[in-house]
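Everything below concerns the one structure shown next.
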Amino acid sequence: MRAHTCRGVIFLYQRGIVKEVRLGKLKEEKVYSSFSNCNGNVYQATLLAGLHVQGCPHCPIRSGTLPLEECGQSQRAPGFHFHQTFIITFIKPPVSFGFPVPGLKTFEVDGALRWFSSYWTEMDEGSIMMRKESQNGSKGRCSESETNDKQPVKATVLQKDVGLLSGICLIVGTMIGSGIFISPKAVLLFSGAVGPCLLIWAFCGVLATLGALCYAELGTMITKSGGEYSYLMEAFGPIVAYLYSWTTIMVLKPSSFAIITLSFAEYASSPFYPGCTPPLVVTKCLSAAAIILIVSVNCLSVKLASYVQNIFTLAKLLIILVIIVAGIVMLAKGNTENLSNAFVGTSSSFGAIGLAFYNGLWAYDGWNQLNFITEELKKPSRNLPLAILIGIPLVSVCYVLVNVAYFTVMTASELLLSPAVALTFGDRVLYPVSWIVPLFVVFSTFGSANGSCFTAGRLAYVSGREGHMVKILSYISLKRYSPAPALMFNGFLALIYIIPADINTLINYFSFAQWVFYGLTALGLIVMRFTRKELHRPVKVPIVIPGLIVLVSFYLVLAPIIDKPEMEYLYCAVFIFSGLLLYYPFVYRKVNWACKLMRPITMHLQLLMEVVPPDKTE
């Protein structure tokens with residue numbers, strides 16, 4: 001199979017016949033012809049693809065378009081239509097049989113690429129460097145002599161642009177949002193005293209680290225992006241993996257993205273409305289602008305999105321360091337009265353302690369985010385566990401020390417009554433530069449939103465690649481190597497979720513589902529210890545650790561339901577399993593009418609966004 005490209009259009013030839021036309025890399029190649037003269041096979045190929053050869057003295061077609069009917073050929077290339085003229089420009093006439101056409105410089109497409117949308121054939125996986133099998137069953141590949149480009153061609157896959165520092169910043173940046181600055185009081189409320197509150201924050205950090213170690217084994221054993229989706233697929237099959245992707249892609253990821261940007265909008269606009277709450281329309285418009293900006297950054301460049309994440313993570317660590325140092329100074333001055341008798345009033349309710357752990361672990365949520373981008377991580381067998389072992393303990397220490405700092409200037413009652421704990425702390429300790437606290441809260445929420453968008457796009461990308469979501473979600477930007485359709489889809493859903501007056505209730509009721517899938521993933525690790533013994537495990541944790549995570553997950557799912565049973569939990573369960581109504585006809589059976597409906601939509605979106613399917617990797 002031979003190929004030539006122009007303006008992103010690839011023409012694949014075999015024995016002089018145009019076999020395939022698809023979008024590809026903008027890369028010039030010599031065309032090695034398999035035909036002997038223009039009056040024979042070239043003429044036939046020209047008519048079959050609706051092409052017009054111009055400038056060749058041996059070609060009978062000089063100008064205009066020769067309709068297919070005049071050719072007398074009944075054979076048609078499958079999937080082609082023959083109503084559009086394309087021009088092949090020969091600077092010099094073709095040479096003899098079996099030699100390259102050295103004068104062939106460009107293909108000139110008549111009109112913009114948008115005119116090609118009606119005559120498009122759905123693109124197969126693979127770039128021009130990954131040929132389909134030829135008729136003799138061998139794979140044809142371009143040799144070094146067949147290309148003018150001496151530079152290696154990137155495969156059309158997500159590139160490995162995320163290093164160790166970016167991996168740590170992704171974990172830290174997504175775990176630390178606005179919660180530790182605004183309302184770290186739920187743990188104190190349910191634990192009843194300062195002492196158990198601090199212990200629960202520390203224990204939650206230990207549990208998050210243990211859970212992440214399980215994910216380190218999974219991520220180095222199954223080196224696919226998508227997090228829990230890929231692991232559930234290997235352990236339990238496609239149905240469980242589909243239910244996870246259905247729930248997470250449609251609700252959990254975009255709603256979380258929306259609520260983080262709403263927090264960003266509220267604190268970014270509050271300086272312009274001193275003494276009152278910013279108008280709802282202002283916060284929603286600013287939130288929408290933040291969503292569009294973050295999605296655009298992630299679509300433009302993976303490296304740029306990583307740099308943004310690194311910068312904003314360093315910013316939030318800086319303000320945390322300021323709070324911790326200020327707290328240490330206050331302790332040195334003797335402000336320890338709020339830490340004395342720290343266990344007086346400790347709650348004895350089993351359910352209340354469970355809810356305290358539940359809220360603490362919610363603040364640690366994000367410890368699994370690096371597993372969503374395993375395919376883009378440099379040296380994943382080394383950097384994945386290393387980033388986990390650095391990032392999560394770092395967050396744990398920060399959370400405990402920040403809470404200690406809060407208690408040096410506020411009593412437990414004052415902390416519970418404060419609408420924004422970090423702002424109260426700043427007013428009491430950092431005045432007259434207390435304005436830096438809300439500024440860095442804005443930075444923190446923006447960085448957390450960027451990390452949420454970054455990982456959500458990868459889940460949709462992998463799910464689309466496996467056929468559990470529409471195929472267009474698995475396509476990659478031709479020029480920028482980013483999963484642009486998946487990122488845009490997540491952003492579109494987030495824009496919808498900011499419209500209702502309050503989405504916190506939605507997130508609260510669906511958050512228990514997240515722990516269902518955490519528990520299933522840890523259970524899957526135990527199952528694969530016996531069913532997939534052949535898999536290489538660079539990291540292997542004691543089996544008691546995933547067993548503990550399964551028990552904790554089981555408890556955290558049941559605790560809020562037992563403490564306060566409500567019908568909304570049943571509605572959430574119904575929504576999760578309603579995905580099966582779509583799975584059977586559209587994923588398992590792949591009904592013809594749905595494929596026919598999606599085909600033209602996919603084609604037009606490909607042309608609009610300049611995206612292609614990912615290459616198949618070994």
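Quick note, the sequence shown lines up with residues 1 to 618 if you use the numbering used here.
Just so it is clear, CB atoms sit at the ideal spot from N, CA and C, and this is done for glycine as well.
Owing to the predicted nature of the structure, the values given are computational and were not obtained by experimental measurement.
Kindly indicate which three-state DSSP category residue i falls into: helix, strand or coil?
| i | result |
| --- | --- |
| I373 | helix |
| V329 | helix |
| V162 | strand |
| W367 | coil |
| P542 | coil |
| W201 | helix |
| L207 | helix |
| L170 | helix |
| H604 | helix |
| R529 | helix |
| K316 | helix |
| S348 | coil |
| M469 | coil |
| G192 | coil |
| C299 | helix |
| P500 | coil |
| R589 | coil |
| V322 | helix |
Could you give the distance in angstroms between the alpha-carbon of residue i and the alpha-carbon of residue j?
| i | j | result |
| --- | --- | --- |
| V516 | I576 | 11 Å |
| C276 | S270 | 8 Å |
| D161 | S381 | 15 Å |
| W362 | K479 | 38 Å |
| F492 | N298 | 14 Å |
| G467 | F236 | 17 Å |
| L430 | V325 | 11 Å |
| L286 | A265 | 5 Å |
| I222 | N371 | 10 Å |
| K616 | T156 | 9 Å |
| V402 | L551 | 29 Å |
| I260 | F357 | 22 Å |
| H536 | P385 | 15 Å |
| L487 | Y588 | 25 Å |
| V611 | Y475 | 6 Å |
| G447 | I373 | 17 Å |
| L473 | R465 | 8 Å |
| N592 | P585 | 10 Å |
| K471 | L605 | 11 Å |
| V421 | F407 | 10 Å |
| L314 | L158 | 26 Å |
| L459 | D427 | 41 Å |
| M469 | K303 | 26 Å |
| S444 | V172 | 11 Å |
| A342 | G354 | 19 Å |
| L210 | R532 | 22 Å |
| K397 | V404 | The sequence given here has Val at residue 397, not Lys. Approximately 11 Å, taken between the alpha carbons. |
| V462 | L317 | 31 Å |
| V437 | F181 | 9 Å |
| L495 | L525 | 35 Å |
| I347 | A208 | Strictly speaking, residue 347 in this sequence is Ser, with Ile absent from that position. Spanning the two alpha carbons is a distance of roughly 23 Å. |
| L489 | C197 | One detail in the question is off: residue 489 reads as Phe in this sequence, not Leu. Looking at the two C-alpha atoms, the distance is approximately 39 Å. |
| L321 | Y399 | 11 Å |
| A241 | Y497 | 24 Å |
| P254 | A332 | 44 Å |
| S418 | T424 | 7 Å |
Please determine, among the options, the residue with the shortest C-alpha to C-alpha distance to residue i.
| i | options | result |
| --- | --- | --- |
| V344 | N592, V194, P600, G519 | V194 |
| Y215 | F203, L232, I200 | L232 |
| L389 | K185, G177, V612, L213 | L213 |
| M410 | A315, M488, S340 | S340 |
| G366 | I392, G426, A352 | I392 |
| K379 | I601, V329, S166, A594 | S166 |
| Y518 | A456, A449, E228 | E228 |
| V281 | P546, M609, I499 | I499 |
| N359 | S191, M609, R529 | S191 |
| T220 | A387, R599, P600 | A387 |
| S225 | S256, L439, N368 | N368 |
| S349 | R599, A456, I249, A559 | A559 |
| V441 | P546, I319, M528, E337 | I319 |
Just grab the DSSP bridge partners of residue i for me.
| i | result |
| --- | --- |
| S477 | V611 |
| V462 | Beta-bridge pairing links V462 to no other residue. |
| V281 | V281 is not bridged to any residue. |
Taking only runs that begin and end inside the stretch 213-271, name each unbroken beta strand (DSSP E) of 3 or more residues, in chain order. none
Segments assigned alpha helix (DSSP H), at least 4 residues, entirely inside the stretch 396-429: Counting only runs of 4 or more, we get 412-417, 421-429.
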